[in-house]
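Residue numbers (UniProt numbering): 1 to 270.
In structure tokens:
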């Protein structure tokens, strides 16, 4: 019996050594059969409710953060958020130092010359915010000659620069623009409606939105032109999340309502 036991132990040990040797050989050869591809994701993480840092946990949270997590899960990716100022995102994509960017980025013809975009995943528009005590500015038509705060390199900045005689101040983050408004350094802020509305909802009742939206814009996930495979996987994942209902769940979590029926995807011609 001792002989049999010894042989059994030796056999087991031999198999373990063989398995270990195979694992070592795979490791030394660089083979990682269970390893997930790691994707570097650029984002301006000071743009609530799309991307911002939870002060309690330090974790990046928001609609975009939940969406990229869901996309990574569909594609079996690991991912890392690279926080940067918004005006640094397109250059990072052009140099391919990141694999994609999700940062409430409006799809524009100018940006499409520099990067590729996924299917639209959110519909937005530009609005005007003023101090709650301001009763003279009632919308875009009242901004001529006024001091306007914007976030640098955004479509809000582009729209503000169309206003006759306006004095534009660019800020690195939208929160800096809002603080300038509250402190009286600018008369108004032109920015994406959902971000401005969220800022007010967080207890900033001394700020209000006036007038109608000036534009209709669509956000897309931006990908370097040199990485068409990443773009294909992002679009495929967005379609999957739409079909399985996960996109709608994320949307309702952050905005409290159902998303437009066409999202993610292209709007109808009408």
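Just so it is clear, CB atoms sit at the ideal spot from N, CA and C, and this is done for glycine as well.
Looking at the secondary structure, which residues open and close the beta strand (DSSP E) in which residue i lies?
i, result
"residue 148", "147-151"
"residue 39", "38-43"
"residue 53", "51-53"
"residue 191", "188-192"
"residue 218", "217-219"
"residue 128", "126-131"
"residue 79", "78-83"
"residue 169", "167-171"
Please determine, among the options, the residue with the shortest C-alpha to C-alpha distance to residue i.
i, options, result
"residue 141", "34, 205, 163 and 177", "163"
"residue 132", "184, 93, 104 and 172", "184"
"residue 39", "76, 149 and 240", "76"
"residue 108", "79, 117, 165 and 157", "117"
"residue 220", "57, 166, 47 and 112", "112"
"residue 255", "146, 35, 212 and 124", "124"
"residue 180", "148, 230 and 233", "148"
"residue 274", "82, 94, 95 and 122", "The requested residue 274 does not occur in the structure, where the chain is confined to residues 1 to 270."
"residue 227", "204, 262, 101 and 57", "101"
"residue 203", "178, 62 and 262", "178"
"residue 98", "223, 46, 246 and 70", "223"
"residue 68", "269, 187, 50 and 56", "50"
"residue 37", "44, 190, 233 and 261", "233"
"residue 242", "262, 135 and 206", "262"
"residue 72", "269, 231, 268 and 267", "231"
"residue 170", "85, 218, 48 and 269", "85"
"residue 172", "59, 79 and 83", "83"
"residue 44", "217, 81 and 150", "81"
"residue 136", "187, 156, 96 and 225", "187"
"residue 78", "157, 35 and 244", "35"
"residue 268", "95, 218, 229 and 146", "218"
"residue 146", "57, 56, 213 and 168", "168"
"residue 225", "94, 55 and 56", "94"
Tell me which residues share the same chain as residue i and place their Cβ nearer than 8 angstroms to its Cβ, disregarding the 5 neighbours each side in the sequence.
i, result
"residue 209", "127, 128, 129, 193, 196, 197 and 200"
"residue 16", "Residue confidence for residue 16 is low, a pLDDT of 44 falling below 50, so the modelled location carries little weight; the figure read from the coordinates is stated next. If we look at residue 16 and ignore the five residues flanking it on each side, it has no Cβ neighbours."
"residue 92", "42, 82, 84, 98 and 101"
Can you name, in chain order, every residue of its own chain whose Cβ lies under 6 angstroms from the Cβ of residue i, other than the five neighbours on each side?
i, result
"residue 66", "250"
"residue 253", "none"
"residue 119", "235, 238, 264 and 265"
"residue 240", "74"
"residue 25", "Caution applies to residue 25, whose pLDDT of 45 falls short of 50 and renders its modelled position unreliable; the model cannot decide the point."
"residue 70", "241 and 246"
"residue 215", "125 and 126"
"residue 59", "none"
"residue 87", "152 and 153"
So, under 8 angstroms CB-CB, residue i and residue j are touching, yes? Tell me the CB distance rounded to an integer number of Å.
i, j, result
"residue 53", "residue 90", "Incorrect: roughly 22 angstroms between the Cβ atoms, too far for contact."
"residue 160", "residue 166", "6 angstroms"
"residue 62", "residue 138", "The pair is not a contact, with the Cβ atoms about 31 angstroms apart (cut-off 8 angstroms)."
"residue 260", "residue 248", "In fact, because the Cβ distance is near 10 angstroms, the residues do not count as touching under 8 angstroms."
"residue 191", "residue 46", "The pair is not a contact, with the Cβ atoms about 12 angstroms apart (cut-off 8 angstroms)."
"residue 182", "residue 207", "7 angstroms"
Can you name the start and end residues of the alpha helix (DSSP H) that residue i belongs to?
i, result
"residue 68", "63-75"
"residue 155", "155-160"
"residue 250", "246-255"
"residue 209", "Counting along the chain, residue 209 falls outside any alpha helix (DSSP H), though it belongs to the beta strand (DSSP E) covering 207-210."
"residue 90", "89-94"
"residue 57", "Residue 57 -> no alpha helix (DSSP H), and no H or E assigned at all."
"residue 176", "174-182"
"residue 240", "228-243"
"residue 138", "No alpha helix (DSSP H) holds residue 138; DSSP gives it neither H nor E."
Is it the case that the CB of residue i approaches a heavy atom of the ligand ZN more closely than 7 angstroms?
i, result
"residue 227", "With respect to the ligand ZN, the structure shown offers nothing to examine, as it has no ligands at all."
Indicate whether at least one CB of chain D lies closer than 8 angstroms to the CB of residue i.
i, result
"residue 34", "The question asks about chain D, but that chain is absent: this structure has only one protein chain."
Quick one: residues in its chain with C-beta nearer than 7 angstroms to the C-beta of residue i, no 5 flanking neighbours on either side, listed in chain order?
i, result
"residue 64", "43, 50, 51, 102, 103 and 104"
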